[in-house]
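In the working numbering, the protein residues as written are 20 to 378.
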């Protein structure tokens, strides 16, 4: 913008002799061109390329010299002069002065922390890493996390290197270290009963109960435990959404009716009708049981209890602005992060990592 204005003022000043004298202006302009070219040769010892100030002066003097004399008067071709003229005029309309500073670059410490989280937990995708950074007080968009991982050469989470034998056996040993019970190992899969309740305070809380023999009596007992827990901790829900499994009997519905909770049954094979609960169950499976060999009911209880605590107290949830269900205040924004001051707590022998601020 300033260069364009200076170019315009110079052209106006050079037209003053033309208006006053009406003669000899072209020759004086040619002499000015030769003098300036001589000064450039003395200063640089070469004819080109010309500096922006030289281009401005030559382009302004071209208005005082007839175009048929340009080839003899100027050290460049007429086409070059016209190109310079268009460049100075275009500078007026590019609005350089109005441009704002772009997005500040991501600090190197944040990039190092992103790559560290990706290496320590290969199953985490860029949105999961972004949630963990938010828990540490670093608010950056998920797209920035993806760009950092892509630039560093990290493959997408499903295609990253899987757990080594050492990592697998460590998680297996930690998971099997729960107190022994009278239950025996069985090859049949352990059934997990998961409760999820949607509210303004606990939209993603998970509650797990495991048993090897799901029956109607046990389902009714779980309903009684659930309603009792609701009466102590949270307000009574208006609806209870469940599927059409045969283990839910009249006793199961009666416990909710006593609490004035209406029981709704989902349509057969319509998982989206209870999408939130399916999402919770999917997270549990993908983050814990899919990577551990469940040995018995006690082992399943231990794994689910560890994940329940992690889910409700630490794991960030996108639906809650990257906050865990049991947390209501946003963490303070971190200033000047250092990767060496972000310790991690290993859950289930390193199968799940929880990063916390050292402060």
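The beta-carbon is built from N, C-alpha and C at its ideal position, and this holds for glycine as well.
- Task: Could you tell me whether the region 303 to 318 touches the region 271 to 285, using the rule of 3 or more Cβ pairs below 8 Å?
- Result: no
- Query: At what residue ranges does the region 129 to 160 contain a whole run of the alpha helix (DSSP H), taking only runs of 4 or more?
  - Reply: 145 to 154
- By the 10 Å Cβ neighbour count, where 16 or more other Cβ atoms means buried, how is residue 259 classified, buried or exposed? The residue labelled residue 259 in the question sits at position 240 within the chain shown. The residue in question, residue 259, is buried, as its Cβ has 16 or more Cβ neighbours within 10 Å.
- Quick one: give me the first and last residue of the beta strand (DSSP E) that residue 339 is part of. Residue numbering aside, residue 339 sits at position 320 when the chain shown is read from its first letter. Careful: residue 339 lies outside any beta strand (DSSP E) and carries neither H nor E.
- Task: Could you tell me which residues DSSP puts in a beta bridge with residue 398?
- Result: Any property of residue 398 remains undetermined from this structure, which presents the chain solely from 20 to 378.
- Message: Closer than 8 Å is the cut-off here; do at least three beta carbon pairs connect the region 129 to 139 with the region 167 to 174?
- Response: Because the criterion of three Cβ pairs below 8 Å is met, the region 129 to 139 and the region 167 to 174 touch.
- Message: Taking only three categories from DSSP, how would you classify residue 312?
- Response: The count along the chain shown starts at 1 and reaches residue 312 at position 293. In the three-state reduction of the DSSP assignment, residue 312 falls in the coil class.
- Residue closest to residue 130, alpha-carbon to alpha-carbon, out of 263, 112, 162 and 108: Counted from its first residue, the chain shown places residue 130 at position 111. It is 162 whose Cα lies nearest to the Cα of residue 130.
- Endpoints, the beta strand (DSSP E) within which residue 297 is located: To locate residue 297, count along the chain shown from 1; it is residue 278. Unbroken run through residue 297 is the alpha helix (DSSP H), 294 to 306; no beta strand (DSSP E).
- What is the rounded straight-line gap between the Cα of residue 338 and the Cα of residue 372? Counted from its first residue, the chain shown places residue 338 at position 319. Counted from its first residue, the chain shown places residue 372 at position 353. Whole-angstrom Cα-Cα distance: 21 Å.
- Tell whether a beta-carbon distance below 8 Å holds between residue 341 and residue 154. In the chain shown, the residue the question calls residue 341 occupies position 322. In the chain shown, the residue the question calls residue 154 occupies position 135. With contacts defined as CB atoms closer than 8 Å, residue 341 and residue 154 qualify as a contacting pair.
- Query: Nearest to residue 70 by alpha carbon, out of 321, 103, 81 and 97?
  - Reply: Stepping through the chain shown from its first residue, residue 70 is reached at position 51. It is 103.
- Message: Check for me: the beta strand (DSSP E) holding residue 284 runs from which residue to which?
- Response: By one-based count along the chain shown, residue 284 stands at place 265. Per DSSP, residue 284 belongs to the beta strand (DSSP E) from 281 to 284.
- Query: Apart from the five residues just before and just after residue 267, which ones in its own chain have a Cβ nearer than 8 Å to its Cβ?
  - Reply: By one-based count along the chain shown, residue 267 stands at place 248. Its chain contains 235, 238 and 261 as the residues whose beta carbon lies nearer than 8 Å to that of residue 267, once the 5 sequence neighbours on both sides are disregarded; these appear in chain order.
- Please report how far the alpha carbon of residue 348 lies from the alpha carbon of residue 257, in whole angstroms. In the chain shown, counting from the first residue as 1, residue 348 sits at position 329. In the chain shown, counting from the first residue as 1, residue 257 sits at position 238. Cα to Cα, residue 348 sits roughly 27 Å from residue 257.
- Query: Between residue 366 and residue 172, what straight-line distance do the alpha-carbon atoms span, to the nearest angstrom?
  - Reply: One-based indexing of the chain shown puts residue 366 at position 347. One-based indexing of the chain shown puts residue 172 at position 153. For residue 366 and residue 172, the distance between alpha carbons rounds to 27 Å.
- Query: DSSP three-state call for residue 237: helix, strand or coil?
  - Reply: Locating residue 237 in the chain shown gives position 218, where the first residue counts as 1. Reduced to three states, the DSSP call for residue 237 is helix.
- Give the C-beta separation of residue 326 and residue 300 to the nearest angstrom, bearing in mind that I take them to be a contact with Cβ-Cβ under 8 Å. Locating residue 326 in the chain shown gives position 307, where the first residue counts as 1. Locating residue 300 in the chain shown gives position 281, where the first residue counts as 1. Actually they are not in contact, since the Cβ atoms of residue 326 and residue 300 sit about 11 Å apart, beyond 8 Å.
- Looking at C-alpha atoms only, which residue of 375, 132, 297 and 100 is the closest neighbour of residue 85? As a first step, residue 85 must be located in the chain shown, where it is residue number 66. When each option's Cα is compared against that of residue 85, the closest is 100.
- Task: Helix, strand or coil for residue 93, going by three-state DSSP, please let me know.
- Result: Position 74 of the chain shown, counted from the start, is the residue given in the question as residue 93. It is coil, neither helix nor strand.
- Express the C-alpha separation of residue 112 and residue 98 in angstroms, rounding to a whole number. Here the question's residue 98 lines up with position 79 in the chain shown. Here the question's residue 112 lines up with position 93 in the chain shown. When rounded, the distance between both Cα atoms is 22 Å.
- Task: Alpha carbon to alpha carbon, how far is residue 148 from residue 123? Give it in angstroms, no decimals.
- Result: What you label residue 123 is simply residue 104 of the chain shown in a count that begins at 1. What you label residue 148 is simply residue 129 of the chain shown in a count that begins at 1. Residue 123 and residue 148: Cα-Cα distance of roughly 20 Å.
- According to DSSP, what are the bridge partners of residue 162? To locate residue 162, count along the chain shown from 1; it is residue 143. According to DSSP, residue 162 bridges with nothing at all.
- Going along the chain, which residues of its own chain have a beta-carbon closer than 6 Å to the beta-carbon of residue 290, five neighbours each way excluded? For the purposes of this step, residue 290 is identified with residue 271 of the chain shown, where counting begins at 1. Correct list, in chain order: 297.
- In whole angstroms, what separates the C-alpha of residue 127 from that of residue 313? Counting from one through the chain shown, the residue named residue 127 turns up at place 108. Counting from one through the chain shown, the residue named residue 313 turns up at place 294. Near 41 Å, if we compare the C-alpha coordinates of residue 313 and residue 127.
- Query: Taking Cβ to Cβ, would you say residue 150 is nearer than 8 Å to residue 352?
  - Reply: For the purposes of this step, residue 150 is identified with residue 131 of the chain shown, where counting begins at 1. For the purposes of this step, residue 352 is identified with residue 333 of the chain shown, where counting begins at 1. No, the pair does not count as a contact, with Cβ atoms beyond the cut-off.
- Roughly how many angstroms separate the alpha carbons of residue 188 and residue 318, rounded to a whole number? Position 169 of the chain shown, counted from the first residue, corresponds to residue 188. Position 299 of the chain shown, counted from the first residue, corresponds to residue 318. Annotation: residue 188 to residue 318 spans about 15 Å, alpha carbon to alpha carbon.
- Message: Among 376, 369, 350 and 269, whose alpha-carbon lies nearest the alpha-carbon of residue 361?
- Response: Taking the first residue of the chain shown as 1, we reach residue 361 at position 342. Here the closest residue by C-alpha is 376.
- Item | Inter-residue Cα distance where the pair is residue 195 and residue 321 | For the purposes of this step, residue 195 is taken as the residue at position 176 of the chain shown. For the purposes of this step, residue 321 is taken as the residue at position 302 of the chain shown. Legend: pLDDT at residue 195 = 44, less than 50; position of this residue unreliable, no value from coordinates given.
- Can you tell me whether DSSP reads residue 119 as helix, strand or coil? For the purposes of this step, residue 119 is identified with residue 100 of the chain shown, where counting begins at 1. Judged by DSSP in its simplified three-state form, residue 119 adopts coil rather than helix or strand.
- Query: With a CB to CB cut of under 7 Å and the five nearest residues on each side skipped, what residues in its chain are close to residue 292?
  - Reply: For the purposes of this step, residue 292 is taken as residue 273 along the chain shown, with counting starting at 1. Correct list, in chain order: 285 and 286.
- Query: In whole angstroms, what is the alpha-carbon distance linking residue 107 and residue 77?
  - Reply: Within the chain shown, the letter at position 88 stands for residue 107. Within the chain shown, the letter at position 58 stands for residue 77. For residue 107 and residue 77, the distance between alpha carbons rounds to 12 Å.
- Using a Cβ-Cβ cut-off of 8 Å (strictly less than) and excluding sequence neighbours within five positions of residue 175, which residues of its own chain qualify? By 1-based counting over the chain shown, the position of residue 175 is 156. Counting only Cβ-Cβ distances below 8 Å, and skipping sequence neighbours, we find 144.
- Between which two residues does the alpha helix (DSSP H) carrying residue 173 extend? Stepping through the chain shown from its first residue, residue 173 is reached at position 154. Careful: residue 173 lies outside any alpha helix (DSSP H) and carries neither H nor E.
- Item | For residue 328, the three-state DSSP class (helix, strand or coil) | The count along the chain shown starts at 1 and reaches residue 328 at position 309. Residue state, collapsed to three classes: helix.
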